[in-house]
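There are 2 protein chains.
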Amino acid sequence: MSTTPCYDELARHCLRLHRFDHLAAIGGWDRAAKMPPKGNDARSAALAELAGLMHRLRTDPSLRERLDRAEQEPLDELQRANLREIRRDWFNANALPESLVQARQLATSRCEHAWRQQRPANDWAGFVEHFREVLRVGREEARLLSEQSGLSKYDALMDRYEPGMTCATVDRVFGEVRQWLPDLIARATERQRSRPLIEPVGPFPVAQQRALCEAAMRLMGFDFSAGRLDVSAHPFSGGVPEDVRLTTRYNTEEFLISLMGTIHETGHGRYEQNLPRALLGQPVALARSMAIHESQSLSFEMQLGRSRAFVEQLAPLVAEHLGPQPAFEAENLWRLLTRVAPGRIRVDADEVTYPAHVILRYEIERPLIEGEIEAEDIPALWNAKMQELLGIDTTGDYANGPLQDVHWPEALFGYFPCYSLGAMYAAQWFAAMRRAVPDTDTRVAQGDFTPVFGWLDQHIWQQGSRWTTDELALRASGETLNPAHFKAHLEARYLG
Amino acid sequence: MSTTPCYDELARHCLRLHRFDHLAAIGGWDRAAKMPPKGNDARSAALAELAGLMHRLRTDPSLRERLDRAEQEPLDELQRANLREIRRDWFNANALPESLVQARQLATSRCEHAWRQQRPANDWAGFVEHFREVLRVGREEARLLSEQSGLSKYDALMDRYEPGMTCATVDRVFGEVRQWLPDLIARATERQRSRPLIEPVGPFPVAQQRALCEAAMRLMGFDFSAGRLDVSAHPFSGGVPEDVRLTTRYNTEEFLISLMGTIHETGHGRYEQNLPRALLGQPVALARSMAIHESQSLSFEMQLGRSRAFVEQLAPLVAEHLGPQPAFEAENLWRLLTRVAPGRIRVDADEVTYPAHVILRYEIERPLIEGEIEAEDIPALWNAKMQELLGIDTTGDYANGPLQDVHWPEALFGYFPCYSLGAMYAAQWFAAMRRAVPDTDTRVAQGDFTPVFGWLDQHIWQQGSRWTTDELALRASGETLNPAHFKAHLEARYLG
């Protein structure tokens, strides 16, 4: 008889959830990438039925005692790490009462629906009408999660996306970045002002762009026997670790956004494709967190994808698939990919100005959740911070201001920091791999990406959720999150 | 308070199953049409988990009493029909013990797996080794279903696919066809011997074939906002009524198989797309049966699709998409589509010789199930019947003989008759619609398919499972299944 009966039972419970999650993931991918419009109502009902079933499984009252008993069983280290992650999943599923989950669903669905019209209409006043309820729900979630976890309110929200991350850390890290970023942006833009740049000349037919994107994915080691690339309105990395579904979208007048977006998703995809297989189906075998996931997509898109060495490899692929033109010479392509230009839209930002957008959102949503400011205070704060961080006057432009992201209508408070934490971790990983393999850049320039992918595989991908984020970083790079690597990276690339 | 509490509870149970079925259908479609190979193990596990859940829902012990009580509730006619179908589904899910379901799964999976190698190797002796166990399971299923339903053994198996169909009917119908078919085949082939025929000249690029198939689907009213056409190794009609997923496959040397196969699946697809929406999610709103489903695909592929009037419409589409050539003139295209040629392979057979293949299988699998013959007796019977019905000597050719279909390795005993019953119903529908709208053919020749689709919509599609098959046929055409219409159709088209 098993000496770990409660742990074994929990593991079976997780495997079951993993299998249902598989169907939810494929159903969701299909909805975004393949489903004809009239299929939507039936799909929504089917996915909601499955979500209800999974919620009932996750909130089964017997789990509490089973978790407590499993703690007393003779588990090995990996099982203990798995148990920690099972408890985390259980906590998140059980922390909020059904009534609040429903209130959130209702409030975000109303606000998001109205926002689709309000954003193009620049209608901030209309937006606030619905957003007040979303904020109320967000605050109530934060209060309850905080009570049960002992974390502060905003920490409790972040914990859902980046376990262990605290405002203390974010304040320290973003505080540092805030000090040197505006100056770095100014110097980088000044430096680029006079450098010659040739713009690509379209059109770029979709079939050729698709072939180029797939070639770039192959170059970056994506396994097409365990994944696909398709088209959706909003690009994402979906599917399951065993079958990764990436999406992009094509614009025949512009190919770099799609190409670099695909490279970004390929980073997410390779992380998933290379998660440890031994305990697959268990939480410990899943990706560590959102910031670590983003550190992979940004390792691909920014650290590797915009390095001179990699662009040398990419340039011939571009010319091969889109036909040669002067803009596709490696040096020019690299300049196109490293343009620094402060702008209003986060998702269009380059890697130098991007953190400013995230810091701004963090500095607004944290006091929002803590109750220090109200929804009505957002525009004035937004304008002040855009001026301060990026030197842009955004007065009266709500559409390209606080209405630009879906995160707030969706009550995704606590998510934004992950984007920039991911960028910083990515810089930290590349600093570590250059210490481990000093000729990394030379080999990348020769088309040999082994030093990069080998390091990521060993230190990040194969670790799954075995360690906390801090311990993962410590084991991988000898230190916890240190934004100095990000600064050094930006200085080397943009001021070097 | 509801006066039909038990019925309402059953209806909620059905809606839940309908939603889970949705995810199973999309997961299955994706596996066949999109999934990369390494996704297969995880997909199989996920679909099996869902199938297990659905089986537990279907065999919930409380259903028996609820069904009995609902019978006593004040139901309207449609609810009563729904209750009849709910009971049928319940009977089929509960009739067989779990141990037999597992034995079937094991036996068919072994036999089918071995068959994939044995068929190309022409290895009948090897096949019989595994097939004996499949047959044992099939007989045991027939025995148990027969005991519980009061039907004869083979009737009980057919009932799963075509409720209410009996050997008495099949014997009468196939008995009639058997008498006139060999002579009709001989006369049709003789008549075609000297007619000139121009073969199409390939290659036919896949992109052009796909555009042609989609154009043919549009011509036949397929709603692309509620369905798709994709590629799979074995073409099928999948998905759900709200989102129909058809597949085909392309061969660059031959386009007619893919085109007519797509038209066949379009018949299945339009039936699903036009099932009644009022009670969607309830069994009464689903397709009546396998034979009726096949009557729709064959109404499209054979009755309409190979009529002179329709081919007049199809010919310009073919020329438009594949480029003009003499073979695509309407008269020649029609001759290509109505060639009669006795052959060994059922799925390649024309509509005249097709019933011979089905009659042969019925005449073998019925005594097999009844225990009158054994697996070892199949080849001799096969050869005798192929000689008798189609004049072909198949001695020693097992690969193109009893090993050609997946049905026997899969224990799908009782399914084969549906194919030809469907062809006969289709002929009966077209006779009825010509009585209702005498200028049907004239209007089809003018490109107006309203008389055909309007009749099918009203008499078949919108009826769902409201009536038994016999009553559906009676209401639609004034009589139950009458193979005279099929004979008249073949004579008019091939001897007229």
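From first to last, the protein sequence lines are chains A and B.
At position 387 of the first sequence (counting the first as 1) the number is 386 in numbering that gives the first Met the number 0, and the numbers step up by one without a gap.
At position 195 of the second sequence (counting the first as 1) the number is 194 in numbering that gives the first Met the number 0, and the numbers step up by one without a gap.
The beta carbon of each residue, even a glycine, is placed where N, CA and C say it ideally should be.
None of the values given here were measured: they were computed from a predicted structure.
As a quick exercise: from the options, pick the residue whose alpha carbon is nearest that of residue i.
{"i": "B/E253", "options": "B/L335, B/R465, B/A44 and B/D229", "result": "B/L335"}
{"i": "A/E409", "options": "A/R343, A/L196, A/T449 and A/A102", "result": "A/A102"}
{"i": "A/R474", "options": "A/A487, A/A435 and A/P482", "result": "A/A435"}
{"i": "B/C13", "options": "B/S224, B/E241, B/G38 and B/L285", "result": "B/L285"}
{"i": "A/L150", "options": "A/E369, A/V176 and A/G280", "result": "A/E369"}
{"i": "A/W123", "options": "A/I377, A/E490, A/D20 and A/R217", "result": "A/I377"}
{"i": "B/M432", "options": "B/I391, B/G477, B/P60 and B/W466", "result": "B/G477"}
{"i": "B/A206", "options": "B/W179, B/N250, B/D349 and B/V351", "result": "B/N250"}
{"i": "A/R65", "options": "A/S43, A/L82 and A/M219", "result": "A/L82"}
{"i": "B/H233", "options": "B/T439, B/V346 and B/A185", "result": "B/V346"}
{"i": "A/G260", "options": "A/W179, A/G238, A/R209 and A/P282", "result": "A/R209"}
{"i": "B/T467", "options": "B/A290, B/E8 and B/P60", "result": "B/A290"}
Is the Cβ-Cβ distance between residue i and residue j less than 7 Å?
{"i": "B/Y414", "j": "B/H406", "result": "yes"}
{"i": "B/S294", "j": "B/G495", "result": "no"}
{"i": "B/S464", "j": "B/R194", "result": "no"}
{"i": "A/A167", "j": "A/K152", "result": "no"}
{"i": "A/H320", "j": "A/L211", "result": "yes"}
{"i": "B/A215", "j": "A/P35", "result": "no"}
{"i": "A/G400", "j": "A/W381", "result": "yes"}
{"i": "B/I197", "j": "B/A326", "result": "yes"}
{"i": "A/Q403", "j": "A/I344", "result": "yes"}
{"i": "B/G38", "j": "A/D242", "result": "yes"}
{"i": "A/R190", "j": "A/I358", "result": "no"}
{"i": "A/E300", "j": "A/I262", "result": "yes"}
{"i": "A/R30", "j": "A/R42", "result": "yes"}
{"i": "B/A92", "j": "B/Y6", "result": "no"}
{"i": "B/E264", "j": "B/S231", "result": "no"}
{"i": "B/H21", "j": "A/A45", "result": "yes"}
{"i": "A/P416", "j": "A/V169", "result": "yes"}
{"i": "B/L143", "j": "B/I85", "result": "no"}
{"i": "B/G268", "j": "B/F221", "result": "yes"}
{"i": "A/E76", "j": "A/T3", "result": "no"}
{"i": "A/L62", "j": "A/W89", "result": "yes"}
{"i": "A/L332", "j": "A/A318", "result": "no"}
Could you name the residues of the same chain whose beta carbon sits closer than 6 Å to that of residue i, not counting the 5 residues immediately before and after it, in chain order?
{"i": "A/I25", "result": "none"}
{"i": "A/D229", "result": "A32 and T246"}
{"i": "B/M164", "result": "M157"}
{"i": "A/V172", "result": "P482"}
{"i": "B/R57", "result": "A92"}
{"i": "A/E271", "result": "P240 and V243"}
Give every residue of the same chain whose Cβ lies closer than 7 Å to the Cβ of residue i, excluding the five residues on either side of it in the sequence, and list them in chain order.
{"i": "B/L181", "result": "Per the sequence shown, residue 181 of chain B should be read as Pro rather than Leu. These residues qualify, in order along the chain: L388."}
{"i": "A/P119", "result": "A398"}
{"i": "B/A374", "result": "V127, F130, R131 and L134"}
{"i": "A/A426", "result": "Q302, H484, F485 and H488"}
{"i": "A/E139", "result": "L99"}
Excluding the five sequence neighbours on either side, which residues of its own chain have a C-beta within less than 8 Å of the C-beta of residue i, listed in chain order?
{"i": "A/T188", "result": "V339, A340 and P341"}
{"i": "B/L274", "result": "P240, A284, L285, A286, W460, Q461 and G463"}
{"i": "B/V443", "result": "L303, S306, A308, F309, Q312, P450 and V451"}
{"i": "A/S145", "result": "S151, K152, D154 and A155"}
{"i": "B/I542", "result": "Residue 542 of chain B falls outside the range modelled here, since chain B spans only 0 to 495, and no answer is possible."}
{"i": "A/L183", "result": "V351, K486, L489, E490, Y493 and L494"}
Pull up the DSSP beta-bridge partners for residue i, would you.
{"i": "B/E253", "result": "B/N250"}
{"i": "B/L245", "result": "B/L228 and B/S236"}
Subject >> Sequence ranges, alpha helix (DSSP H) only - wholly within the stretch 91-150 of chain A, length at least 4 >> reply: 97-117 and 123-148, all fully within the stretch 91-150 of chain A.
**OP:** Ignoring anything shorter than 3 residues or poking outside the stretch 43-96 of chain A, list the beta strand (DSSP E) runs there in chain order.
**Re:** none
Original post:
Taking the runs of the alpha helix (DSSP H) that are 4 residues or longer, which of them lie wholly in the stretch 325-377 of chain B?
Top reply: 329-336 and 353-369
Subject >> alpha helix (DSSP H) runs wholly inside the stretch 259-298 of chain A, at least 4 long, in chain order >> reply: Counting only runs that start and end inside the stretch 259-298 of chain A, the alpha helix (DSSP H) elements of at least 4 residues fall at 289-297.
Original post:
Can you list the alpha helix (DSSP H) stretches of 4 or more residues lying completely in the stretch 392-423 of chain A, in chain order?
Top reply: none
Subject >> Against chain D: residues of the stretch 229-258 of chain A by CB proximity under 7 Å >> reply: Reference to chain D is not applicable here, since the protein chains of this structure are A and B.
**OP:** Taking only runs that begin and end inside the stretch 170-227 of chain B, name each unbroken alpha helix (DSSP H) of 4 or more residues, in chain order.
**Re:** 205-218
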